[in-house]
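Protein chains: 2
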Amino acid sequence: MPVANRVLFANSLLTALPVKDYQPLLEFMEPIALTAGEVVYRPGELIRHVYFPTDTLVSLLTQAEGHQALEVGMVGREGMLGIPLALGVHESPVSAVVQGSGTALRMTSAHFIRELQQRKLLQLEVYRYIYELMIQMTQTAACNRFHKVEARLARWLLMTRDRMQSNHFHLTQDLLSNMLGVRRVGITKAAGDLRLRDLISYNRGEINILDGDGLEAAACQCYQVVKDMHDAA
Amino acid sequence: MPVANRVLFANSLLTALPVKDYQPLLEFMEPIALTAGEVVYRPGELIRHVYFPTDTLVSLLTQAEGHQALEVGMVGREGMLGIPLALGVHESPVSAVVQGSGTALRMTSAHFIRELQQRKLLQLEVYRYIYELMIQMTQTAACNRFHKVEARLARWLLMTRDRMQSNHFHLTQDLLSNMLGVRRVGITKAAGDLRLRDLISYNRGEINILDGDGLEAAACQCYQVVKDMHDAA
DNA sequence: GGATCATTGTGCGCCAACGCACATACAACA
DNA sequence: TGTTGTATGTGCGTTGGCGCACAATGATCC
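Encoded structure:
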């Protein structure tokens, strides 16, 4: 793969590695298309592969006692799926659902575990990412507890934009309500307000961010907190 | 230290190790008293020591944009403080505040990092614990989003009991409101209801669990979920 | 072109929790 | 014994989000 492609399309965890680690890892990798709605992991199920998204977006969801789902983390090209393996556990505690169609590189669990043990630099990257994911989780937890739906929706759209690297994506209000853990009509109302202010447009799941700066102003600071943390890394 | 004491008072992460790993680790350990209210880590601050609580309880708190604090995790004798070090990061993303006075074994960060690299079994224990903490965090996040204050309070009291191994502990309503991310009067009301049902008693911070089974019935299932997960490990 | 399904929008009563203000009760110490 | 500080309890109007039911609109496929 030419260098230009590596930078533009590949997964940042991998491209952060020097060529001598990156190149041999590709041997074990298989590019795979992920389509929106696909369930990569189910809670309690055996993890067969780890995934390094390149231009796809996957949500980590948890469920609580009769209620709908709630997103606890979001994984794009800056991260990976399958971190329990790096912690010695072979099953996923959450479900992982593809939000944005695209591709990822994947590797069998056995290969990943072996390579992880042998490559110190890969270890560094993976553990560092686990740390970042924990911050994202705690920040999201506080956000879900304290902030209003509209601000949370704005934050979610911005985070999605950053990971998809696009101002346009497909997602119905019904799915969004599951991410944020609110009623579908709650999304209808919040999204309607954002649209009134010309910050976004949408039609039957086709969402466009019209005014990114305005949307940032409408979002809670949680967005900036997690972004700054990652950028500083 | 005699075996009986190890089992009763020591930290489970450590006692799970075989003597050949456990014994030398004690060389680097220093017992230290932690008193309620003490701040072990502040966000962004350098981590100087890791702590293995024996009979103390520490809350991991996050803060969000002007609001009060919110507990994202609880660490007792089943865990440790300082996990960012195991992920290659030398600062804490959250603040760690002592809830229940008691003692912990502590070790300098440098020693911990060195020992962790050399002892495979310690690695296994620590990473397994990080996994459990992530589950606790996600479950807590969903709980805070969906469940009522009274059920969450009941859950919190039960989790505290399990970690303190006592039905009695000291904690004001004001502090509790910071754990659960609600108003102080919210705690007054919820606790009053639990007291009316003779599940607990309290007076100026002195809390007693009178009916553990009843309290479990009043709590949300989040309590059982995290407990079962840990017991199965 | 009509039936069906998915998606979005609206209306209404309800309630848990909020913010604020104030009242009481107990503890400690001068 | 009175003062001060901490902890708990109560009252009241407000509100954001919930649950439910139903309407309207756009897509798809015979």
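Sequence lines, in order, name chains S and E. Position 87 of the first sequence, counting from 1, maps to 87 under our numbering, and the rest follow consecutively. Position 127 of the second sequence, counting from 1, maps to 1127 under our numbering, and the rest follow consecutively. Each residue gets a CB set at the ideal place from its N, CA and C atoms; glycine is no exception.
How would you label residue i, buried or exposed, when you count the other beta carbons within 10 angstroms and need 16 or more for buried?
i: S:Met1; result: Confidence at S:Met1 is low in this model, with a pLDDT of 48, below 50, so its placement is unreliable and the value that follows should be read with caution. Classification of S:Met1: exposed, given that the 10 Å Cβ count is below 16.
i: S:Asn203; result: exposed
i: S:Thr140; result: buried
i: S:Pro93; result: buried
i: S:Gln118; result: exposed
i: E:Arg1145; result: buried
i: S:Leu121; result: exposed
i: S:Thr138; result: buried
i: E:His1147; result: buried
i: E:Pro1024; result: exposed
i: S:Gly66; result: exposed
i: E:Val1274; result: Since the first and last residues shown for chain E are 1001 and 1233, residue 1274 of chain E lies out of range.
i: S:Arg114; result: exposed
Using a Cβ-Cβ distance under 8 Å, would residue i count as near chain E?
i: S:Ile135; result: yes
i: S:Glu65; result: yes
i: S:Asn203; result: no
i: S:Gly82; result: no
i: S:Leu124; result: yes
i: S:Arg163; result: no
i: S:Phe146; result: yes
i: S:Leu70; result: yes
i: S:Leu14; result: no
i: S:Gly102; result: no
i: S:Tyr223; result: no
i: S:Val89; result: yes
i: S:Gly181; result: yes
i: S:Ala184; result: Rather than Ala, the amino acid found at residue 184 of chain S in this sequence is Arg. No, no contact with chain E.
i: S:Thr140; result: yes
i: S:Pro93; result: yes
i: S:Tyr127; result: yes
i: S:Thr172; result: no
i: S:Ala218; result: no
i: S:Thr62; result: yes
Can you give me the Cβ contacts of residue i inside the same chain, cut-off strictly under 8 Å, excluding the 5 residues immediately before and after it?
i: S:Gln68; result: Ser177, Asn178 and Gly181
i: S:Ser193; result: According to the sequence provided, residue 193 of chain S is Asp. The question's Ser does not apply to it. Excluding residues within five positions, the ones whose Cβ falls inside 8 Å are Glu150.
i: E:Asp1021; result: Arg1119, Leu1121 and Leu1122
i: S:Ile47; result: Tyr41, Gly82, Pro84, Leu85, His90, Glu91, Ser92 and Ser109
Just confirm the distance between the C-beta atoms of residue i and residue j, as a whole number of angstroms; I'd bet it's less than 8 Å.
i: E:Asp1211; j: E:Leu1199; result: 5 Å
i: E:Arg1128; j: E:Ala1233; result: 7 Å
i: E:Cys1143; j: S:Ala219; result: The Cβ separation is near 24 Å, so there is no contact.
Got a sec? Which residues, its chain only, sit under 6 Å from residue i by beta carbon, not counting five neighbours each side?
i: S:Arg106; result: Glu30, Ile32, His49 and Tyr51
i: E:Glu1216; result: none
i: S:Thr62; result: Leu70, Val72 and Val94
i: S:Ile187; result: Gln173, Leu176 and Ser177
i: E:Gly1079; result: Tyr1129
i: E:Ala1154; result: Leu1215, Ala1218 and Ala1219
Thinking C-alpha only, which one of the options is nearest residue i?
i: E:Ser1059; options: E:Trp1156, E:Tyr1022, E:Phe1028 and E:Gln1123; result: E:Trp1156
i: E:Val1039; options: E:Val1226, E:Ser1095 and E:Arg1183; result: E:Ser1095
i: S:Pro236; options: S:Ser109, S:Leu70, S:Thr138 and S:Leu26; result: This structure cannot speak to residue 236 of chain S, because chain S is shown only from 1 to 233.
i: E:Leu1124; options: E:Gly1214, E:Ile1207 and E:Ala1086; result: E:Ala1086
i: E:Val1185; options: E:Val1149, E:Asp1055, E:Val1097 and E:Arg1042; result: E:Val1149
i: E:Gly1076; options: E:Phe1028, E:Glu1132, E:Arg1042 and E:Gly1044; result: E:Glu1132
i: S:Leu57; options: S:Thr35, S:Gly44 and S:Leu46; result: S:Thr35
i: S:Asp55; options: S:Leu171, S:Ile113 and S:Val98; result: S:Val98
i: E:Glu1045; options: E:Asp1231, E:Gly1082 and E:Ala1104; result: E:Gly1082
i: S:Arg152; options: S:Leu13, S:Gln224 and S:Ala16; result: S:Gln224
i: S:Thr103; options: S:Tyr41, S:Glu91 and S:Pro53; result: S:Pro53
Would a check of beta-carbon distances place residue i closer than 8 Å to chain S?
i: E:Ala1154; result: no
i: E:Tyr1131; result: yes
i: E:Gly1037; result: no
i: E:Gln1118; result: no
i: E:Arg1042; result: no
i: E:Arg1048; result: no
i: E:Thr1054; result: no
i: E:Thr1108; result: no
Given residue i, which residues of its chain have a CB within under 7 Å of its CB, disregarding the five upstream and five downstream residues?
i: E:Phe1169; result: Gly1100, Thr1160 and Ile1207
i: E:Leu1116; result: Ala1086, Leu1122, Gln1123 and Val1126
i: E:Ile1135; result: Val1226 and Met1229
i: S:Asp213; result: none
i: E:Ile1209; result: Leu1157, Arg1161, Asn1167, Ile1200 and Leu1215
i: E:His1111; result: Phe1028
i: S:Leu171; result: Gln99, Gly205 and Ile207
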